[in-house]
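*Asks:* This is the structure I have questions about; it appears just below.
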Amino acid sequence: MIGIHAVIAISLNLLVGHAGQISLGHAGFMAIGAYGTAILSSRYGWPPLLGVAVSAAAAGGLAFLVGHPILRLKGYYLAMATLGLGMIIYLVISNEVWLTGGPDGMSLAVLTVFGTEIDSAAQWYWIVGGILLLVYWMACNLVDAPIGRALRALEGPDALAASSGIDISWNKVRIFTVSAVLTAMMGGVGALYSGFITPKSADFMQSIELILMVILGGMGSVAGAVVGAGIVTMLPQVLTSLEHHESLVYGLILILVMVFMPKGLVPTLAQLARRFHR
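For the sequence shown, the residue numbers in the numbering used here are 1 to 278.
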């Protein structure tokens with residue numbers, strides 16, 4: 001799951017770390033990808049990969065539609081609006097038992113590609129690893145491209161960005177949509193990998209974990225998103241004795257990072273390394 005979470009963290013980092021637009025509802029997009037893939041493939045017999053593509057497109061369409069009004073908000077208001085969106089998706093998934101299975105969840109068949117069943121860890125490593133490398137490369141190029149500079153301008157005052165000729169509204173909606181599509185795509189891939197999904201994939205704590213990956217690794221750092229995803233994904237396995245106190249652990253980590261490493265782990269270590277070499 002580290003590779004899957006890493007791709008999602010990279011996509012969320014483009015929105016939060018580069019464009020400065022907070023989202024506390026990205027687990028909802030992840031769930032749209034997961035449940036969309038499960039419903040289309042298990043209930044309607046669609047090819048799983050087509051289900052992933054259609055579900056990702058649906059998440060992108062939703063992000064585009066709600067992005068225009070939501071992204072006009074700032075700060076806490078934007079955070080609450082995206083949180084509300086995530087909660088709506090969670091409630092729909094939990095309550096529409098006839099379609100989603102409700103709290104009992106849904107199972108998915110083994111993914112088959114060109115007649116070959118993808119059922120081994122090694123096969124999934126190659127697939128997810130390839131996707132991660134591609135998205136990592138695209139994100140690095142995007143950051144250095146004109147659109148990357150436009151996104152960084154969105155972190156400042158809107159008036160300053162507008163004076164530079166940047167279409168503020170369009171760029172916010174565009175990166176929100178791209179982030180949602182990538183998140184939903186990996187939600188679908190994650191569902192096929194695990195073979196079973198529950199509404200927990202859309203709950204508030206899942207969104208917090210995704211945000212924590214970005215903040216811990218370093219906002220604005222593509223490598224940081226990967227490192228943060230790795231650490232947060234492995235934490236439950238390391239802290240098995242504290243599984244009932246995950247919220248407390250995540251809260252403490254978030255506080256410590258913000259106090260002692262406000263730039264995140266990777267940018268802070270890079271800065272220390274530069275000082276050491278001097």
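Just so it is clear, CB atoms sit at the ideal spot from N, CA and C, and this is done for glycine as well.
Quantities reported herein were computed from a predicted structural model and do not represent experimental measurements.
Please check the pair A34 and G187, which I expect to be a contact at CB under 8 Å, by giving their CB distance rounded to whole angstroms.
*Replies:* About 4 Å separates the two Cβ atoms, so the contact holds.
*Asks:* So, at 6 Å on beta carbons, what are the nonlocal neighbours of A294 in its own chain, with the 5 sequence-adjacent residues on each side left out?
*Replies:* Any answer about residue 294 is impossible in this case: the structure gives the chain only from 1 up to 278.
*Asks:* Between which two residues does the alpha helix (DSSP H) carrying E209 extend?
*Replies:* 204-217 is the extent of the alpha helix (DSSP H) around E209.
*Asks:* Express the C-alpha separation of A53 and G224 in angstroms, rounding to a whole number.
*Replies:* One C-alpha to the other measures close to 27 Å.
*Asks:* To the nearest angstrom, how far is it from the Cα of G220 to the Cα of I255?
*Replies:* Those two C-alpha atoms are separated by around 19 Å.
*Asks:* Taking the alpha-carbon positions, what's the G102 to L91 distance?
*Replies:* Spanning the two alpha carbons is a distance of roughly 9 Å.
*Asks:* So, with DSSP's three-state summary, where would you put I32?
*Replies:* If DSSP states are grouped into helix, strand and coil, I32 belongs with the helices.
*Asks:* Identify which residue in L216, W126, P47 has its Cα closest to the Cα of V259.
*Replies:* Per the Cα distances, L216.
*Asks:* Under 8 Å between the Cβ atoms of I4 and V232?
*Replies:* Not closer than 8 Å, so no.
*Asks:* If you pair each beta-carbon of the region 260-276 with each one of the region 34-51, do three or more pairs fall below 8 Å?
*Replies:* With the cut-off at 8 Å, the region 260-276 and the region 34-51 do not touch.
*Asks:* Go to I131, then tell me how far its alpha helix (DSSP H) extends in each direction, as first and last residue.
*Replies:* Segment 121-144, the alpha helix (DSSP H) holding I131.
*Asks:* What are the boundary residues of the alpha helix (DSSP H) that includes V238?
*Replies:* Looking at the DSSP string, the run of the alpha helix (DSSP H) that includes V238 is 222-238.
*Asks:* By alpha-carbon positions, which one of M1, A56, T183, S120 ends up nearest to L14?
*Replies:* Ranking M1, A56, T183, S120 by Cα distance to L14 puts T183 first.
*Asks:* Can you give the beta carbon distance from I16 to V222, rounded, assuming they're within the 8 Å contact cut?
*Replies:* Sequence inspection shows Val at residue 16; the Ile mentioned does not correspond to that position. Not confirmed; about 13 Å, so no contact.
*Asks:* When burial is assigned at 16 or more other CB atoms within 10 Å of the CB, is L272 buried or exposed?
*Replies:* That one is exposed.
*Asks:* What span of residues does the beta strand (DSSP E) with T116 cover, start to end?
*Replies:* First-last of the beta strand (DSSP E) with T116: 116-118.
*Asks:* I'd like to know whether the C-beta atoms of I131 and A202 end up nearer to each other than 8 Å.
*Replies:* Against a cut-off of 8 Å, the Cβ pair of A202 and I131 comes out as no contact.
*Asks:* Spatial neighbours of M1 within its chain, please: C-beta separation below 7 Å, excluding the five flanking residues on both sides.
*Replies:* Closer than 7 Å at the Cβ level, and outside the excluded window around M1, lie G190, T233.
*Asks:* Report the rounded CA-to-CA distance for T112 versus W137, giving the unit in angstroms.
*Replies:* Their Cα atoms are separated by approximately 27 Å.
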